[in-house]
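Just so you know, we're using the numbering used here here: the sequence shown kicks off at 505 and counts up by one. All remarks here apply to the structure that follows.
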Amino acid sequence: MSESPYWNPRHETMPREGIEALQLRKLRNLVAWTQAKVPWQAKRLKAAGVDADSIRSLDDLRRIPMMTRDEWMGAQLEEPPFGPLLAAPQEVAMRYHLTSGTTGRIPLQVLDGMKDWEWITEMWCYGFWGFGVRPQDVVFFAFSYGTFVGFWGAHYACEKIGCLVLPGGNMTTEARVKQILGMKATVVCSTPTYALRMAQEAKALGVDLASSPVKRLILSGEPAGSIPATKKLIEDQWGAKAADTAGMTEVGTIMIFECEKQPGGTHIIEDHYIEEVVDPATGAPVPYGELGERLITSFGRGFIPVLRYRTRDLVVRMPASACSCGRTFDLYEGGIRGRVDDMKLVRGTNVYPRAVEAIVREFREVDEFRIHLFTADGIQDEIEVLVEIPDASADANAIVNRLRTSLSEAHEGLRFGVKKVESGSLPRFELKAKRLQDDRIVIGTAGERRVQG
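Written out as structure tokens, the structure reads:
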């Protein structure tokens with residue numbers, strides 16, 4: 505692996521003490537730069553008694569105040585469009601991006617400069633090379649190429665590696681499948697949901713994807729890429745290995761990637777980030793092996809400093825020794841497990857969409873599904889899962905009954921409704937899937953009634 509610039513043994517196999525020393529030096533530089541260039545952030549640091557000279561160890565990181573999406577969004581609303589967060593003049597920007605809009609009142613708006621974009625591309629190179637993508641590969645991007653940052657950086661990373669890149673752009677699913685086959689693509693990049701959608705389309709076209717030249721799928725955008733049942737379904741239908749990755753528009757690029765060894769988790773790119781795992785309620789550090797919320801401090805951005813950003817992602821951190829690839833970068837076991845705000849309380853029971861999907865994907869006859877929360881008779885919260893079972897020869901009633909039992913047993917006996925719906929009636933998604941519909945009724949303090957979702 506050492507023959508490639510995208511396998512960096514100076515960092516990726518650096519002993520733990522070396523990684524931490526590198527992170528400390530970069531953290532001090534980041535704090536100094538933030539203080540000098542972003543008064544809004546400098547004020548927050550000063551109020552916490554933090555400056556570059558006061559950062560003596562990585563433990564001092566916890567003295568820096570955490571930053572939330574709501575604070576970022578509020579700053580942009582007060583001083584639109586970008587807020588008082590920029591560390592460089594707007595006129596030197598070369599790219600504009602929005603968050604995907606799946607959470608929050610408005611999408612966050614960010615600018616990238618040349619420094620950002622060189623770094624964004626390099627981070628994707630870490631991930632692609634780590635999963636075995638090489639210059640001879642032909643890489644297809646099933647991606648809309650809009651203002652959502654998505655796979656933009658991945659596209660340029662593949663060009664930098666030397667691959668032939670096929671941008672999917674404004675194409676139908678059928679056209680994408682045909683181009684993947686016609687151009688003999690060896691790597692396909694998409695969300696997990698859309699990988700399954702393309703497999704469904706290929707089946708309808710009478711195409712056996714498992715016999716195609718595709719050998720690797722790079723998945724991003726949803727926690728489903730690390731759900732074992734979903735991942736296995738994707739790999740079986742494509743006859744290829746699938747790797748999970750995750751990134752954020754706020755940070756600019758990917759922070760975690762799955763390597764060729766497929767250790768059941770994703771490596772953190774620790775020479776370019778500090779990632780903490782904390783109790784989402786108290787902010788206290790969480791040890792290896794325990795579920796918590798991840799915070800990100802990023803060293804690569806040239807336009808917007810990112811210090812202890814609350815992602816709301818739930819993760820379980822494990823030491824690097826959990827993987828045999830030789831990297832000394834720690835991992836998140838099972839990738840991103842879900843989001844702090846994804847959890848729904850139904851009649852006293854916690855329900856996570858990821859946990860529901862993990863069970864639904866065990867039933868291969870189910871093509872698509874939706875989780876529906878509603879209030880029955882204006883009194884009691886109910887949960888039902890709508891499923892499409894297109895195979896006319898399948899015993900749909902038996903599948904529905906087994907799925908209902910499995911969901912109930914996994915959720916402390918909570919009663920789930922499971923309904924078969926007409927094939928093709930549920931929405932299909934190219935980017936992040938929105939499979940949870942919350943139509944429960946909330947009664948306000950003045951007695952008014954409104955739909956919760």
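Where a beta carbon is used, it is the ideal one built from N, C-alpha and C, also for glycine.
Beta-carbon contacts of residue i that lie in its chain and below 6 Å, excluding the five residues immediately before and after
i, result
"V922", "V889, V904, L907 and R908"
"D574", "none"
"T625", "G657, Y660, A661 and K664"
"K619", "G806"
"G631", "T749, I758 and F761"
Cβ neighbours of residue i in the same chain (closer than 7 Å, five flanking residues each side left out)
i, result
"D740", "none"
"E728", "Here residue 728 turns out to be Ala, not Glu, going by the sequence shown. Excluding residues within five positions, the ones whose Cβ falls inside 7 Å are P696, T697, T734 and E861."
"A950", "Its pLDDT being 45, under 50, A950 is placed unreliably in this model, and the coordinates cannot settle the point."
"M570", "G787, L799, R812 and R814"
Residues that residue i bridges to, as DSSP identifies them
i, result
"G796", "V819"
"T801", "I778"
"K745", "R720"
"S897", "According to DSSP, S897 bridges with nothing at all."
"H771", "F761 and L835"
"E892", "E872 and V925"
"T853", "V850"
"S694", "L723"
Test item: CB-CB of residue i and residue j under 9 Å
i, j, result
"C827", "H776", "no"
"Q580", "G587", "yes"
"T690", "V711", "no"
"L918", "T832", "no"
"A597", "V542", "no"
"G634", "S730", "no"
"Y856", "R821", "no"
"E794", "D817", "no"
"M759", "A746", "no"
"L929", "I893", "Per the sequence presented here, residue 929 reads as Ser, with Leu not at that position. Their beta carbons are not under 9 Å apart, which means S929 does not touch I893 by this criterion."
Under the three-state DSSP convention, the category residue i falls into
i, result
"I945", "strand"
"G928", "coil"
"H659", "helix"
"G751", "strand"
"F920", "strand"
"V860", "helix"
"S828", "coil"
"C667", "coil"
"T618", "First, the residue type needs correcting, since residue 618 is Met and not Thr in the sequence shown. Residue state, collapsed to three classes: helix."
"A935", "The residue asked about is misnamed: residue 935 is Leu in this sequence, not Ala. Three-state DSSP puts L935 in coil, outside helix and strand."
"T572", "coil"
"S506", "The predicted model places S506 with a pLDDT of 45, which falls under 50 and marks its position as unreliable, so this point remains unresolved."
"F635", "coil"
"G650", "coil"
Check: residue i C-beta below 8 Å from any heavy atom of the ligand ZN
i, result
"T517", "Absent from the structure shown: the ligand ZN. Ligands present: none."
Nearest to residue i (by Cα), restricted to the options the options
i, options, result
"E516", "R529, C629 and E837", "C629"
"F933", "K550, H876, I568 and G725", "G725"
"V819", "L811, Y813 and Y836", "Y836"
"S910", "S802, I863 and G686", "I863"
"L589", "R560, V614, K707 and G636", "V614"
"L562", "E521, A646, R701 and R868", "E521"
"L565", "H601, E622, L528 and P767", "L528"
"L612", "W576, Q640 and E866", "W576"
"K936", "G672, G654 and M518", "G654"
Own chain residues within Cβ distance below 8 Å of residue i, not counting five before or after
i, result
"Q941", "R874, I875, H876, L877 and G957"
"A960", "Nothing about residue 960 can be reported from this structure: the residues present for the chain run from 505 to 957 only."
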